[in-house]
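Enquirer: Take a look at the following structure, please.
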Amino acid sequence: MENQGSAAIALCNPKSPSNVGAVMRAAGCYGASAIYYSGTRFERAAKYHLDTRDINKQIPLTAVESFTELVGKHNQLICVELAEGAVPLPDFVHPQDALYIFGPEDGSIDQSLVDLADAVVYVPTVGCMNLAATVNVVLYDRMAKQNLQIDHGERIKQSRDVNNRLVFKN
Numbered sequence: 014m015e016n017q018g019s020a021a022i023a024l025c026n027p028k029s030p031s032n033v034g035a036v037m038r039a040a041g042c043y044g045a046s047a048i049y050y051s052g053t054r055f056e057r058a059a060k061y062h063l064d065t066r067d068i069n070k071q072i073p074l075t076a077v078e079s080f081t082e083l084v085g086k087h088n089q090l091i092c093v094e095l096a097e098g099a100v101p102l103p104d105f106v107h108p109q110d111a112l113y114i115f116g117p118e119d120g121s122i123d124q125s126l127v128d129l130a131d132a133v134v135y136v137p138t139v140g141c142m143n144l145a146a147t148v149n150v151v152l153y154d155r156m157a158k159q160n161l162q163i164d165h166g167e168r169i170k171q172s173r174d175v176n177n178r179l180v181f182k183n
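Shown next, in the form of structure tokens:
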């Protein structure tokens, strides 16, 4: 497989443990290197932890005071937000090494962080998506645009669970 580069995820003060659990699952599915989060709401709700695939054993989930401390650890800082002037995701060219910052479920990324960004991207939906859905869409878009050489038969066998042995015969 070709080098996919590095994609890390940053969540601004997430409130929902189910969303963080779903983000962790997405990170595992799409090969993200790390997940960072700010704020205290998730820690208060973490006892309801919903990481069903134990991704936290493979990908670190790290609390940070501020995402500005991560500037320099990744080549590009990409904010994903409904912001005027943002690039539509279908038109966006993903950098090789990126930190994707996602706003909270009930707010926005701070303007000061947007001002530091190399790019701001938005998913052109009607209305806004939930946090975990947005992470999935952005990471899928990144993977799809990389044109990786994948043995799809083998990928299906490795990815499905033990209860799935479906075969499509055309």
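Read in order, the letters of the sequence shown correspond to residues 14 to 183 in the working numbering.
Even glycine gets a Cβ: it sits at the ideal position worked out from N, Cα and C.
Here's the rule I'm using: 16 or more other beta-carbon atoms within 10 Å means buried, otherwise exposed. How should residue 37 be labelled?
Expert: Within the sequence shown, numbered from 1, the residue matching residue 37 stands at position 24. That one is buried.
Enquirer: In angstroms, rounded to a whole number, what distance separates the CA positions of residue 61 and residue 90?
Expert: By 1-based counting over the sequence shown, the position of residue 61 is 48. By 1-based counting over the sequence shown, the position of residue 90 is 77. The pLDDT assigned to residue 61 is 44, lower than 50, so where the model puts this residue is not dependable, and the model offers no usable value.
Enquirer: Residue 150: beta carbon under 7 Å from a heavy atom of the ligand FAD?
Expert: This structure does not include the ligand FAD; it has no bound ligands of any sort.
Enquirer: Give me the Cβ distance between residue 94 and residue 125, rounded to the nearest whole Å; I'm assuming they're in contact under 8 Å.
Expert: Working through the sequence shown from its first residue, we reach residue 94 at position 81. Working through the sequence shown from its first residue, we reach residue 125 at position 112. Wrong, their Cβ atoms sit about 13 Å apart, outside the cutoff.
Enquirer: Return helix, strand or coil for residue 107, following the three-state DSSP convention.
Expert: Residue mapping note: residue 107 aligns to position 94 of the sequence shown, counting from 1. It is coil, neither helix nor strand.
Enquirer: Cβ atoms of residue 45 and residue 152: under 8 Å apart, would you say?
Expert: Taking the sequence shown and counting its residues from 1, one reaches residue 152 at position 139. Taking the sequence shown and counting its residues from 1, one reaches residue 45 at position 32. Closer than 8 Å, so yes.
Enquirer: Give me the Cα-Cα distance between residue 88 and residue 172, rounded to the nearest whole angstrom.
Expert: Taking the first residue of the sequence shown as 1, we reach residue 88 at position 75. Taking the first residue of the sequence shown as 1, we reach residue 172 at position 159. Using only the alpha carbons, I get a separation of about 30 Å.
Enquirer: Can you find the residues in the same chain that come closer than 6 Å, C-beta to C-beta, to residue 105, ignoring five residues on each side of it along the sequence?
Expert: The sequence position of residue 105 within the sequence shown is 92, counting from 1. Excluding sequence neighbours, residue 105 sits near 134.
Enquirer: List the whole-angstrom C-beta distance separating residue 129 from residue 84, where the pair is believed to meet the contact cut-off of C-beta under 8 Å.
Expert: Taking the sequence shown and counting its residues from 1, one reaches residue 129 at position 116. Taking the sequence shown and counting its residues from 1, one reaches residue 84 at position 71. That pair is a contact at about 6 Å.
Enquirer: Report the three-state DSSP secondary structure of residue 92 (helix, strand or coil).
Expert: Counting from one through the sequence shown, the residue named residue 92 turns up at place 79. The answer is strand: DSSP assigns residue 92 an E or B state.
Enquirer: Hey, residue 25 and residue 114: beta-carbon distance below 8 Å or not?
Expert: Locating residue 25 in the sequence shown gives position 12, counting from the first residue. Locating residue 114 in the sequence shown gives position 101, counting from the first residue. Yes.
Enquirer: Can the beta-carbon of residue 166 be found closer than 8 Å to that of residue 109?
Expert: Locating residue 166 in the sequence shown gives position 153, where the first residue counts as 1. Locating residue 109 in the sequence shown gives position 96, where the first residue counts as 1. No.
Enquirer: Quick check: residue 148 and residue 39, are their CB atoms within less than 8 Å of each other?
Expert: Indexing the sequence shown from 1 puts residue 148 at position 135. Indexing the sequence shown from 1 puts residue 39 at position 26. Closer than 8 Å, so yes.
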